[in-house]
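Worksheet: the structure to be examined is printed underneath.
There are 2 protein chains.
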Amino acid sequence: MIRLSVLYPVTEGATFDHDYYASSHVPLAVKAWGLEGADIDKGVNGPYVAAVHFTFDSMEAMGAALGAPGTAEVMADVPNYTTIQPVMQTSEIVA
Amino acid sequence: MIRLSVLYPVTEGATFDHDYYASSHVPLAVKAWGLEGADIDKGVNGPYVAAVHFTFDSMEAMGAALGAPGTAEVMADVPNYTTIQPVMQTSEIVA
Numbered sequence: 257m258i259r260l261s262v263l264y265p266v267t268e269g270a271t272f273d274h275d276y277y278a279s280s281h282v283p284l285a286v287k288a289w290g291l292e293g294a295d296i297d298k299g300v301n302g303p304y305v306a307a308v309h310f311t312f313d314s315m316e317a318m319g320a321a322l323g324a325p326g327t328a329e330v331m332a333d334v335p336n337y338t339t340i341q342p343v344m345q346t347s348e349i350v351a
Numbered sequence: 257m258i259r260l261s262v263l264y265p266v267t268e269g270a271t272f273d274h275d276y277y278a279s280s281h282v283p284l285a286v287k288a289w290g291l292e293g294a295d296i297d298k299g300v301n302g303p304y305v306a307a308v309h310f311t312f313d314s315m316e317a318m319g320a321a322l323g324a325p326g327t328a329e330v331m332a333d334v335p336n337y338t339t340i341q342p343v344m345q346t347s348e349i350v351a
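Written out as structure tokens, the structure reads:
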């Protein structure tokens, strides 16, 4: 199993609409990529103001999902909740 | 619910023993803090070589766990698998 974490660094002068992110943006991504859900984080302490963790069966499945036509719509929606450039982390889920 | 993510940045010249981490260190932390388990990541792409995500019922529960005597043993075990200084992120789990 593969975890794709999208991490939004705390950024001077930038805003992040947590409500829109959880109620609209992440559901859009979940639908576009055919997932059952995602884990959403609202930062309390640390370098990130928000994050989301998606789980895929394999690197191939992740590649296929991100290559789907719906991804363009997901990316075009980002300016609706933040100007922060996210950090992407792909990991193998060990346990 | 609170997620405590411990993220190990890719660091020039540093090593990380993923086997020891998953089989010994994280179980030690899980036991010390009275948790049911944790999610362990082995980095594939991105800024982190490894990560772990612990879940607590509340900030108070997290504080109580980290303040328990067993935490000293957990911290003393870190040099057994890496010299990397981890990044700590505490987040509220939104969904």
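In the order they appear, the protein sequences are chains L and P. Just add 256 to the spot in the first sequence (first one is 1) and you have the working numbering. Just add 256 to the spot in the second sequence (first one is 1) and you have the working numbering. For every residue, glycine included, the Cβ atom is placed at its ideal position computed from N, Cα and C.
Bounding residues of the beta strand (DSSP E) (the contiguous stretch that carries residue i)
i, result
"Ala332/P", "No beta strand (DSSP E) contains Ala332/P, which is instead part of the alpha helix (DSSP H) from 326-332."
"Val350/L", "Segment: none, Val350/L is in no beta strand (DSSP E) and carries neither H nor E."
Contact under 8 Å by Cβ, residue i with residue j
i, j, result
"Ala294/P", "Val308/P", "yes"
"Ala262/L", "Met344/L", "A small correction: the amino acid at residue 262/L is Val; Ala does not occupy that position in the sequence shown. Going by C-beta atoms, Val262/L is nearer than 8 Å to Met344/L."
"Thr327/P", "Ala288/P", "yes"
"Asp313/P", "Ile349/L", "no"
"Ile258/L", "Met318/L", "yes"
"Thr311/P", "Tyr264/P", "no"
Strand pairing of residue i, partner residues [DSSP]
i, result
"Pro335/P", "For Pro335/P, which the question treats as bridged, DSSP gives no partner whatsoever."
"Leu263/P", "Ala307/P, Val343/P"
"Lys298/P", "Glu348/L, Ala306/P"
Boundaries of the alpha helix (DSSP H) in which residue i is found, first to last residue
i, result
"Ala320/L", "315-322"
"Ala288/P", "282-288"
Pairwise C-alpha distance: residue j and residue i
i, j, result
"Gln341/L", "Ala270/P", "27 Å"
"Val266/P", "Pro303/P", "6 Å"
"Glu268/P", "His274/P", "17 Å"
"Glu316/P", "Ala278/P", "26 Å"
"Ala321/L", "Asn336/L", "22 Å"
"Glu292/P", "Val286/P", "7 Å"
"Ser280/P", "Gly323/P", "21 Å"
"Phe272/L", "Asp333/P", "37 Å"
"Tyr276/P", "Leu284/P", "11 Å"
"Glu329/P", "Asn301/P", "31 Å"
"Gly290/L", "Gly299/P", "23 Å"
"Pro325/L", "Pro325/P", "52 Å"
"Leu260/P", "Ala351/P", "15 Å"
Interface partners of residue i on chain P, CB under 9 Å
i, result
"Gln345/L", "Leu263, Asp297, Gly299, Val300, Asn301, Gly302, Pro303, Tyr304, Ala307"
"Glu348/L", "Asp297, Lys298, Gly299, Val300"
Contacts that residue i makes with chain L (C-beta to C-beta distance below 9 Å)
i, result
"Ala278/P", "Val350, Ala351"
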